[in-house]
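Numbering-wise (the working numbering), the sequence shown opens with residue 4 and increments by one.
Virtual Cβ for every residue (Gly too), placed ideally from N, Cα, C.
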Amino acid sequence: MAFKLNVNGKVMEADVDADTPLLWTLRDTLGITGPKFGCGIGACGACTVHIDGKPVRSCTRPVSTVGAGAITTIEAMENHPIGKKVQAAWMDLDVAQCGYCQP
């Protein structure tokens with residue numbers, strides 16, 4: 004089934020089963036790899052995205068439930084003034100960790 008999703012301000016189409024978790028639709032079908040797989044039960048937060056400004060665990064959210072909601076992933080932060088400041092501070096202070104949680 005084809006779903007039109009508003010991801011980071013762009014309309015994208017994904018042909019996936021209705022019960023496919025949003026996480027796998029984003030990562031495997033749309034190539035958006037910022038949201039990560041952590042626990043698969045919505046407890047760890049590695050898969051968090053925002054839908055209409057509210058945090059959602061994408062590993063447990065079926066793509067069919069998103070509707071016309073605006074999905075924002077960590078990738079969108081590089082274009083946000085606060086995101087740019089955070090990135091600059093991390094680079095200035097050599098904050099980089101293992102990279103798993105960084106887009």
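1. DSSP three-state call for residue 82: helix, strand or coil?
2. Residues bridged to residue 6 by DSSP?
3. By a C-beta neighbour count over all protein chains shown, 10 Å radius and 16 as the cutoff for buried, is residue 39 buried or exposed?
4. Please work out which residues of its chain come closer than 7 Å, Cβ to Cβ, to residue 47, disregarding the five sequence neighbours upstream and downstream, and give them in chain order.
5. Looking at residue 50: is its Cβ nearer than 8 Å to the Cβ of residue 33?
Working from what's here:
1. Here the question's residue 82 lines up with position 79 in the sequence shown. If DSSP states are grouped into helix, strand and coil, residue 82 belongs with the helices.
2. The residue labelled residue 6 in the question sits at position 3 within the sequence shown. Note: residue 6 sits in a beta bridge opposite 17.
3. Locating residue 39 in the sequence shown gives position 36, counting from the first residue. Buried: at least 16 other Cβ atoms inside 10 Å.
4. For the purposes of this step, residue 47 is taken as the residue at position 44 of the sequence shown. Closer than 7 Å at Cβ, skipping near neighbours: 41.
5. On the sequence shown, position 47 is the one that residue 50 refers to. On the sequence shown, position 30 is the one that residue 33 refers to. Taking 8 Å as the Cβ cut-off, residue 50 and residue 33 do not qualify as a contacting pair.
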